[in-house]
Structures are given as C-alpha cells and as structure tokens.
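First up is the structure itself, then whatever we jot down about it.
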Amino acid sequence: QKEVEQNSGPLSVPEGAIASLNCTYSDRGSQSFFWYRQYSGKSPELIMFIYSNGDKEDGRFTAQLNKASQYVSLLIRDSQPSDSATYLCAGNTGNQFYFGTGTSLTVIP
Amino acid sequence: DTGVSQDPRHKITKRGQNVTFRCDPISEHNRLYWYRQTLGQGPEFLTYFQNEAQLEKSRLLSDRFSAERPKGSFSTLEIQRTEQGDSAMYLCASAQGGDYSIQYFGAGTRLSVL
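Residue numbers (the numbering used here), protein chains in the order written: chain A, -19 to 89; chain B, 55 to 168.
Here it is in structure tokens:
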C-alpha cells in the first residue's frame, strides 16, 4: 500500500511568520513529489514539485526532499491570510499518484 | 481557470441510476487522470490515460466504474448502479508528456447519490 502521510492540523500561524508543512511517504520507489493548495470548495492547484534531494525555492515557497528519510516538507515564508487553505502532498510511482489527506493552514492577520 | 473543464459541475441522482461525467483536458496535454475526493480526504487516484490508452486503473476501483478517452481528447467517466458511497467530488486532471507530469485540475463534478 503506497501512502503519503500528513499531519491534518489545523496549523495556525500569524501573518508574516513561516509556516512549515510536513509529509512522509512509504514507497521508496516514489519518484517525484508535489505540493498542491486547495481552497475550500475548489480544486487543487499546484504550488511546487520536487524530485531531487535538497531544497527547491520558488518565491515565498521552499520545498525540501529527503529521500533517505522519506520526508518532504513545504515552507511558506512571510505567510499571508490568502495562504489559508489545505495543503496536499502527493507522490508518484510511475503513472499513479498518491495524495495525503492534507494539512489545513490558517494564517491569522 | 486551469483550462481543464468538467461537466456537469453538480449531479444529483437516485441510487441505482447510471451517471456519466465529461472532462475536456488542456488541448496539448496527452495525459489525463481521474480522481475521487471525499470531504477531509485527499484525491484518490482512479485511472490514467495516455492519449486514448487507459494505462492505469486503481485496483480498488469497482467494476461499476468505467472510463474512456476516445481519440485521445475528452474523457468520460461512467458510474453504473450508483450507491450512496459514490457521493464525492470527481476530479479530472491533465498533464503534458514528460518526466514530471505536472497535473492541472478541473473544477470537478460533485455527485450526490440520494
């Protein structure tokens, strides 16, 4: 059973703080990892993807992958109220994608 | 708007009826995925097409579910003899070929089975 595990939260951070979201995965054969943001009642939208060990930065977002520990994280710097959403971690093995249950983030103004 | 469109947006049906959903992917995308999402859960993979070929299907998927992608363009997902447990959001995503399969999701079809 391929699984992606996330802490469901809720996670609350004050505006301007760093939000840290974490994800672990069970299948060492997983190749790439994706972070999606999903607002209530909306479909997921891609924030970042990562496939190599280390950090990948895009604006206020940094994804981190540690394949030895089977761990993926997403850091959101200078959090804004508009970042309040559910963040989904996903991995793929071949053509199948596995999503976590999501972490609910609230950024408090 | 990601460019992936799904129709209908909402569907209410009675238990035992058949329903069909349609997905139109981004035109240059040859990969198409169907997912099901229930409240508080992440999307659950259902099936995957590359062009017109259905290459992956979840082993958990009931045989009441069938999907097609004729001519490698739009796709349909049919659920026969619907059950209340089928109530969910059905999401379609498309991606270009390539190594990293960045998927773009449609707005989804919300199914309610009464």
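In this text, a Cβ means the ideal position worked out from N, Cα and C, and glycines have one as well.
Here the structure is a predicted model, which means the values were calculated and not measured.
- The region 63 to 78 of chain A makes contact with the region 17 to 31 of chain A; the number of CB pairs closer than 8 Å reaches 3 or more.
- Here Leu85(A) is near Val(-7)(A), since their CB atoms are less than 9 Å apart.
- When Cβ-Cβ separations below 9 Å define contact, Pro97(B) makes contact with chain A.
- Against chain B, a Cβ distance below 7 Å from Ser23(A) picks out Leu145, Phe159, Gly160, Ala161, Gly162.
- In this structure, Gln50(A) lies near Thr4(A), with their beta-carbon atoms less than 9 Å apart.
- Distance between Ala121(B) and Ser12(A), taken at the CA atoms: about 26 Å.
- About 7 Å separates the CB atoms of Asn72(A) and Ser155(B); that is less than 8 Å, so the two are in contact.
- Boundaries of the beta strand (DSSP E) harbouring Ile30(A): 25 to 30, taken from the DSSP string.
- In chain order, Arg164 place their CB closer than 6 Å to the CB of His64(B), counting only its own chain and leaving out the 5 sequence neighbours on each side.
- In terms of Cα proximity to Gln(-14)(A), the closest of Pro89(A), Phe77(A), Gly82(A) is Gly82(A).
- In chain order, Gly74, Asn75, Gln76 make up the part of chain A whose C-beta sits under 8 Å from the C-beta of Glu110(B).
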